[in-house]
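Enquirer: Numbering (my numbering), first residue to last: 28 to 881. From the three backbone atoms N, C-alpha and C, an ideal C-beta is built for every residue, glycine too.
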């Protein structure tokens with residue numbers, strides 16, 4: 028006869044149970060919740076009592092729960108069911124429930140068990156009973172209750188299964204009747220202690236069905252009611268595997284190190300305090316060379332870089348869950364990938380690891396190969412050692428028209444070759460392939476639809492660890508268009524080789540593919556020297572104008588031929604003028620595949636044009652100079668010469684002892700000095716004119732030249748309390764004539780000092796707008812008296828033009844500035860306002876700059 032538990036026993040059982048026990052009224056308000064709520068849901072029983080279960084139920088289960096409760100109340104018998112509650116931390120907690128409706132109490136009684144992802148398939152029951160007895164029976168641990176007289180009053184199914192008896196055969200018998208004498212004595216001793224109100228833990232050997240003996244970790248504690256011990260509850264956990272392992276370790280303690288050292292994996296044992304207890308020889312060889320010093324040390328202190336890393340988190344997880352961990356990770360200390368298996372126990376953590384670097388790299392390479400093979404436009408074939416196809420990618424299907432199913436098990440050459448295939452060449456490379464050599468070749472094959480296709484083929488043999496050929500990996504690339512282009516190029520080359528002009532054929536990216544003998548005669552470059560180079564790199568110089576081609580490029584890309592003249596360089600550095608005709612060649616899709624240039628030497632014609640142009644420029648300059656000299660003679664020379672003649676004639680009529688004679692001599696001397704100044708100006712002008720086209724240029728540091736000019740004007744600058752602010756980079760330079768550059772800044776600074784404002788101290792600012800690719804742009808400004816730009820704009824840079832009647836000056840400074848700049852290819856602009864100051868913009872070209880472009 029089965030003996031039931033009293034209320035106190037059930038209450039204690041419910042209190043210690045990890046499952047959720049609760050009652051709630053017809054409105055869904057929790058009336059009672061056991062302490063498991065804190066573990067399962069994160070809420071204390073006090074927090075839940077008095078609140079509706081729907082507050083904590085996942086929303087999608089609320090309607091289902093209402094129907095379940097209604098059906099139960101109407102008398103429908105329900106099995107177990109699942110739903111999800113929301114944990115206090117926000118996570119979803121799946122629960123397996125048993126429900127009962129008590130009409131007499133007007134309450135629902137519920138039992139819930141948490142179902143985790145990893146345990147769900149094991150723990151999930153097909154049915155959940157609605158009474159505590161079923162939970163009791165299905166517990167995997169041994170659970171039984173004894174009366175104070177030592178008789179078993181309740182035993183779960185686990186105990187019955189272990190003993191191989193039915194519940195009826197176990198109940199009402201002393202537990203000691205199933206034990207050996209020594210185990211019975213130990214059990215009786217702890218039973219008496221429980222009757223005294225003490226909880227005890229001990230290991231006990233129990234006989235199992237079939238004669239096997241198992242070791243259980245027994246926990247025995249008293250069942251209390253109203254302060255009185257009314258019985259004893261026992262829970263037994265099967266620790267046989269652990270005990271067996273520990274006994275084995277103890278029995279083989281003398282040979283343990285030899286055993287672990289003999290295994291091929293690295294191995295070490297950590298205590299629960301993270302100290303090294305043992306390190307085998309393989310682990311020492313791999314990553315723990317100083318094993319003798321590591322024994323007894325904390326792993327995280329010995330390897331601080333691993334704290335909070337993968338090893339740290341995995342090992343802690345093993346200890347916290349009590350479950351083995353298995354993972355792969357990169358170990359930076361050994362620059363290697365390792366596979367780790369760690370097994371937790373009461374004594375510590377058993378860690379096995381092996382170096383899998385080669386495996387990981389091989390896997391990564393395989394993944395890359397798979398990814399490439401799956402997505403590449405090239406065809407990929409994997410065959411066995413007999414060249415029978417095992418796998419082809421989609422690229423193969425696009426190239427040949429054959430699907431994987433159609434070709435599996437077939438040899439590629441049997442269905443891809445055609446009568447036009449060069450069989451002899453293929454047989455030669457096949458011989459090398461069968462010997463295990465990688466090969467590459469080009470071949471004409473046939474698609475499924477009968478069309479010819481030219482393929483570039485690469486075959487790589489794959490060997491196993493024993494060096495035996497296992498597979499071939501073949502990669503096919505469609506080169507049909509290239510072969511067609513090559514054939515067309517050969518035809519074009521044949522035609523072009525017969526003309527005396529230079530002919531150049533380039534691909535769509537302007538890389539030279541072929542030149543004729545006329546090109547070689549024109550430039551001196553052979554076909555081998557020209558192939559692969561761009562014409563702009565091979566033939567252009569810094570004097571080549573790239574803008575001419577740019578202006579016509581759009582027309583060429585539309586398919587229209589273009590022609591223009593260009594200055595190129597021969598191989599020996601000689602300049603040659605070329606009349607260039609360019610035609611674009613398009614494929615059937617309308618895409619440019621190459622360019623053809625026909626080049627004609629027009630150097631003689633161009634030189635004639637240049638000579639005529641030079642003569643015209645010289646004539647214009649001479650005419651301009653003649654006008655300028657006419658002005659000088661008529662205005663600047665006439666006055667001092669007339670004065671000198673007058674003074675000389677007066678001297679012949681004047682008494683040498685008179686004051687008039689002395690005054691006349693002084694005036695004569697002054698007129699001759701003025702004449703000398705004009706002649707010097709004329710000489711300077713002629714010197715600049717004669718040097719145009721032959722100006723010697725060198726790399727000049729602009730800031731340094733300005734500082735030299737300032738040094739020459741330091742005295743008048745200090746007398747005028749003037750300041751000069753130079754905002755230029757220290758290395759700002761330009762190709763120029765240093766003497767001309769000095770004269771330009773000397774005259775500008777001299778004018779700024781000479782024509783400064785009386786109302787304020789002089790300030791001069793010189794700055795650059797950047798070292799441009801083709802030259803340098805400078806700003807030279809002062810806060811001087813300025814001048815009326817509108818009135819003076821046509822005469823600003825003319826000889827002997829002055830705009831300040833109150834200041835001494837000859838009107839030659841700005842003329843020299845402009846003339847010097849023009850001689851170096853530069854120019855100057857000016858802006859001025861009376862009373863505010865003057866600003867000059869000076870452009871100095873970088874004549875050594877090379878802009879190479881086709």
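Helix, strand or coil for residue 151? Go by DSSP, reduced to three states.
Expert: Taking the first residue of the chain shown as 1, we reach residue 151 at position 124. Low local confidence applies: a pLDDT of 48 at residue 151 is under 50, so the model's placement there is unreliable, with the coordinate-based value given in what follows. Looking at residue 151 - three-state DSSP - the assignment turns out to be coil, as it is neither helix nor strand.
Enquirer: Count the other CB atoms within 10 Å of the CB of residue 490; is the residue buried (16 or more) or exposed (fewer)?
Expert: The residue given as residue 490 occupies position 463 in the chain shown. By the neighbour-count rule (16 or more Cβ atoms within 10 Å), residue 490 is not buried but exposed.
Enquirer: Which of helix, strand or coil does DSSP assign to residue 794?
Expert: If you number the chain shown from 1, residue 794 lands on position 767. Of the three classes helix, strand and coil, the one that applies to residue 794 here is strand, per DSSP.
Enquirer: What is the DSSP secondary structure of residue 92, counted as helix, strand or coil?
Expert: By one-based count along the chain shown, residue 92 stands at place 65. Correct three-state label for residue 92: helix.
Enquirer: Around the Cβ of residue 357, are there at least 16 other Cβ atoms within 10 angstroms (buried) or fewer (exposed)?
Expert: Sequence index remark: in the chain shown, residue 357 carries index 330 (1-based). Exposed, because fewer than 16 other Cβ atoms sit within 10 Å of the Cβ of residue 357.
Enquirer: Which residue wins for smallest C-alpha separation from residue 57, given the options 81, 796, 35?
Expert: Residue numbering aside, residue 57 sits at position 30 when the chain shown is read from its first letter. Out of 81, 796, 35, 81 has the C-alpha closest to the C-alpha of residue 57.
Enquirer: In whole angstroms, give me the CA-to-CA distance for residue 47 and residue 127.
Expert: Counting from one through the chain shown, the residue named residue 47 turns up at place 20. Counting from one through the chain shown, the residue named residue 127 turns up at place 100. Distance between the alpha carbons of residue 47 and residue 127 is about 14 angstroms.
Enquirer: Specify the secondary structure class of residue 198 as computed by DSSP and reduced to three states.
Expert: Here the question's residue 198 lines up with position 171 in the chain shown. Coil, per DSSP.
Enquirer: If I measure Cβ to Cβ from residue 41 and keep anything under 7 angstroms in the same chain, skipping five residues before and after, which residues do I get?
Expert: Counted from its first residue, the chain shown places residue 41 at position 14. 48, 61.
Enquirer: Using only the alpha-carbon positions, how far apart do residue 772 and residue 630 sit?
Expert: Along the chain shown, read from residue 1 onward, the residue named residue 772 stands at position 745. Along the chain shown, read from residue 1 onward, the residue named residue 630 stands at position 603. If I take the Cα positions, the gap works out to 41 angstroms.
Enquirer: The alpha helix (DSSP H) spanning residue 321 covers which residue range?
Expert: Residue numbering aside, residue 321 sits at position 294 when the chain shown is read from its first letter. It spans 318-321 - the alpha helix (DSSP H) in which residue 321 sits, taken as one unbroken run.
Enquirer: CB-CB under 6 angstroms to residue 882, same chain, minus the five flanking residues each way: which ones, in chain order?
Expert: Residue 882 lies beyond the stretch modelled for the chain, which goes from 28 to 881, so this question has no answer here.
Enquirer: Nearest by alpha-carbon distance to residue 619: which of 580, 595, 184 is it?
Expert: Numbered from its first residue, the chain shown carries residue 619 at position 592. Residue 580 is the option with its Cα nearest to residue 619.
Enquirer: Rounded to the nearest angstrom, what separates residue 43 and residue 63 at their Cα positions?
Expert: Residue numbering aside, residue 43 sits at position 16 when the chain shown is read from its first letter. Residue numbering aside, residue 63 sits at position 36 when the chain shown is read from its first letter. Near 8 angstroms, if we compare the C-alpha coordinates of residue 63 and residue 43.
Enquirer: From the DSSP secondary-structure annotation, give me the bridge partner or partners of residue 123.
Expert: Position 96 of the chain shown holds residue 123. Per DSSP, 109, 140.
Enquirer: So, are the CB atoms of residue 438 and residue 501 less than 9 angstroms apart?
Expert: As a working mapping, residue 438 is identified with position 411 in the chain shown. As a working mapping, residue 501 is identified with position 474 in the chain shown. No, Cβ-Cβ distance for residue 438 and residue 501 is not below 9 angstroms.
Enquirer: Tell me residue 343's beta-bridge partners as DSSP assigns them.
Expert: Taking the first residue of the chain shown as position 1, residue 343 is located at position 316. For residue 343, which the question treats as bridged, DSSP gives no partner whatsoever.
Enquirer: Rounded C-beta distance between residue 84 and residue 112? I'm assuming under 8 angstroms.
Expert: Position 57 of the chain shown holds residue 84. Position 85 of the chain shown holds residue 112. That belief holds up - the Cβ atoms of residue 84 and residue 112 are roughly 6 angstroms apart, short of 8 angstroms.
Enquirer: Apart from the five residues on each side of it in sequence, which residues of its chain come closer than 7 angstroms, Cβ to Cβ, to residue 642?
Expert: Residue numbering aside, residue 642 sits at position 615 when the chain shown is read from its first letter. So no residue of the chain qualifies.
Enquirer: Roughly how many angstroms separate the alpha carbons of residue 425 and residue 419, rounded to a whole number?
Expert: Within the chain shown, numbered from 1, the residue matching residue 425 stands at position 398. Within the chain shown, numbered from 1, the residue matching residue 419 stands at position 392. If I take the Cα positions, the gap works out to 11 angstroms.
Enquirer: Under the three-state reduction of DSSP, which class applies to residue 620: helix, strand or coil?
Expert: Position 593 of the chain shown, counting from 1, holds the residue named residue 620. Here residue 620 sits in strand by DSSP.
Enquirer: Taking the straight line between their C-alpha atoms, what separation do you get for residue 737 and residue 672?
Expert: Here residue 737 refers to the residue found at position 710 when the chain shown is read from its first residue. Here residue 672 refers to the residue found at position 645 when the chain shown is read from its first residue. Computed Cα separation, rounded: 41 angstroms.
Enquirer: Apply the 10 Å Cβ neighbour rule to residue 662 and answer buried if 16 or more other Cβ atoms are within range, or exposed otherwise.
Expert: Here the question's residue 662 lines up with position 635 in the chain shown. Any reading at residue 662 must be qualified, since the residue scores a pLDDT of 47, below 50, and its modelled position is unreliable; the value itself is stated next. The residue in question, residue 662, is exposed, as its Cβ has fewer than 16 Cβ neighbours within 10 Å.
Enquirer: Residue 482 and residue 466 look like a contact to me (Cβ under 8 angstroms); what is the Cβ gap, rounded to whole Å?
Expert: Here the question's residue 482 lines up with position 455 in the chain shown. Here the question's residue 466 lines up with position 439 in the chain shown. Contact flag wrong, Cβ pair sits at about 13 angstroms.
Enquirer: DSSP three-state label for residue 20, please.
Expert: Nothing about residue 20 can be reported from this structure: the residues present for the chain run from 28 to 881 only.
Enquirer: So what does DSSP say about residue 644, is it helix, strand or coil?
Expert: For the purposes of this step, residue 644 is identified with residue 617 of the chain shown, where counting begins at 1. The answer is helix: DSSP assigns residue 644 an H, G or I state.
Enquirer: Mapping the DSSP letters down to three states, classify residue 293 as helix, strand or coil.
Expert: For the purposes of this step, residue 293 is identified with residue 266 of the chain shown, where counting begins at 1. Residue state, collapsed to three classes: strand.
Enquirer: When you compare the stretch 105-119 with the stretch 84-95, are there three or more beta-carbon pairs, one atom per stretch, that lie closer than 8 angstroms?
Expert: yes
Enquirer: CB-CB under 6 angstroms to residue 788, same chain, minus the five flanking residues each way: which ones, in chain order?
Expert: Taking the first residue of the chain shown as position 1, residue 788 is located at position 761. Cβ within range, chain order: 748.
Enquirer: Is it buried or exposed, residue 613, if we count other Cβ atoms within 10 angstroms and call 16 or more buried?
Expert: Mapped onto the chain shown, residue 613 falls at position 586. Label assigned to residue 613: exposed.
Enquirer: Going residue by residue through the stretch 45-79, where are the continuous beta strand (DSSP E) segments of at least 3 residues, counting only ones entirely within it?
Expert: 47-52, 57-60
Enquirer: Run the CB neighbour count on residue 733, radius 10 Å, all protein chains shown included, and call it buried at 16 or more, exposed below.
Expert: For the purposes of this step, residue 733 is taken as the residue at position 706 of the chain shown. By the 10 Å Cβ count, residue 733 comes out buried.
Enquirer: Can you round the beta-carbon distance between residue 69 and residue 116 to whole angstroms, since I take them to be within the 8 angstroms contact cut?
Expert: Working through the chain shown from its first residue, we reach residue 69 at position 42. Working through the chain shown from its first residue, we reach residue 116 at position 89. So it is a contact: roughly 6 angstroms between Cβ atoms.
Enquirer: Among 297, 135, 175, 471, which has the Cα closest to the Cα of residue 372?
Expert: Residue 372 sits at position 345 when you count from the first residue of the chain shown. Comparing Cα-Cα distances from residue 372 to each of 297, 135, 175, 471, the minimum goes to 297.
Enquirer: Flag this pair as yes or no: are the beta carbons of residue 267 and residue 241 separated by less than 9 angstroms?
Expert: Residue 267 sits at position 240 when you count from the first residue of the chain shown. Residue 241 sits at position 214 when you count from the first residue of the chain shown. Contact flag set, yes.
Enquirer: May I have the straight-line CA-CA distance separating residue 178 from residue 383, to the nearest angstrom?
Expert: As a working mapping, residue 178 is identified with position 151 in the chain shown. As a working mapping, residue 383 is identified with position 356 in the chain shown. Taking the straight line from one Cα to the other gives about 59 angstroms.
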